[in-house]
Amino acid sequence: MKIYLAILISLISLELIAQKHNMQKTIHDFTVLDIEGKDYPLAQLKGKKVMIVNTASKCGLTPQYEELQSLYESFKEDGLVIIGFPANNFMGQEPGDEKEIAAFCQANYGVTFPMMSKIEVIGDEQHELYKYLTSKSLNGVEDSEVQWNFQKYLIDASGKIAKVIGPKTSPKDSEIIGWLKS
């Protein structure tokens, strides 16, 4: 009887471990606010490749907006969605409010990819999505640190992190293009 009970407990434990693994969160479990303050459920992106980028208007890397827009135009028909998250975490390089950020992005770079409300990507007030993106215990893939403005998180069609790309890497880098074409 004890052997049967031990086997039963082992089988139940294995099943619970398997369920926990299969229930790992994805970005599709999050709802964020867009730049107009409206809910933007990331579940609507199921089946699409996504690039999440923390952005800033007064950074030496700000011209990446142009490359991001070009990349978006080139691959949106193939299912790419780029999502910009303005953040003022690095040397105060995103001081504006949402209206100012939206106007800047449109006037200077013709941005048409989705832009979200300003958030914190590091620190005590780090947004829940960025906690997920930067913590292996939450995303099941890898730990990472947001190094600066324009860090890129490449998310596969199932909502899991595929790659983390550093801020200085061009959005049109061959590693990114290769991932998009795969």
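The C-terminal residue of the sequence shown carries number 184 in our numbering, and the numbering is unbroken. Don't be surprised by glycine CBs; every beta carbon is placed ideally from N, CA and C.
For residue j and residue i, the rounded distance between their alpha carbons
| i | j | result |
| --- | --- | --- |
| K165 | E96 | 25 Å |
| G39 | S119 | 6 Å |
| G81 | C107 | 22 Å |
| T114 | K138 | 31 Å |
| Q149 | T28 | 22 Å |
| A159 | L44 | 12 Å |
| Y67 | K174 | 11 Å |
| S176 | Q128 | 30 Å |
| I85 | K154 | 10 Å |
Burial state of residue i (16 or more Cβ within 10 Å)
| i | result |
| --- | --- |
| M93 | exposed |
| G161 | buried |
| N141 | buried |
| K48 | exposed |
| A89 | buried |
| N24 | Confidence is the limiting factor: at N24 the pLDDT is only 47, short of 50, which leaves the residue's position unreliable, though a coordinate-based value still follows. N24 comes out exposed. |
| I5 | exposed |
Bridge partners - residue i, DSSP secondary structure assignment
| i | result |
| --- | --- |
| A45 | According to DSSP, which records beta bridges pairwise, A45 is partnered with nothing at all. |
| D31 | In the DSSP output, where bridge partners are listed per residue, D31 has none listed. |
| M53 | I84 and L156 |
| A58 | DSSP, once it has assigned bridges, lists no residue as partnering A58. |
| D36 | M118 |
Supposed contact pair residue j and residue i - C-beta distance, whole angstroms, cut 8 Å
| i | j | result |
| --- | --- | --- |
| F152 | V123 | Their Cβ separation, rounded to whole angstroms, is 11 Å, which puts F152 and V123 out of contact at 8 Å. |
| L182 | F32 | The Cβ separation is near 22 Å, so there is no contact. |
| V34 | L131 | 6 Å |
| I103 | S59 | 6 Å |
Query - Ordered list of beta strand (DSSP E) runs contained in the region 102-171, each at least 3 residues - result: Taken in chain order, the complete beta strand (DSSP E) segments of 3 residues or longer contained in the region 102-171 are 154-157 and 163-167.
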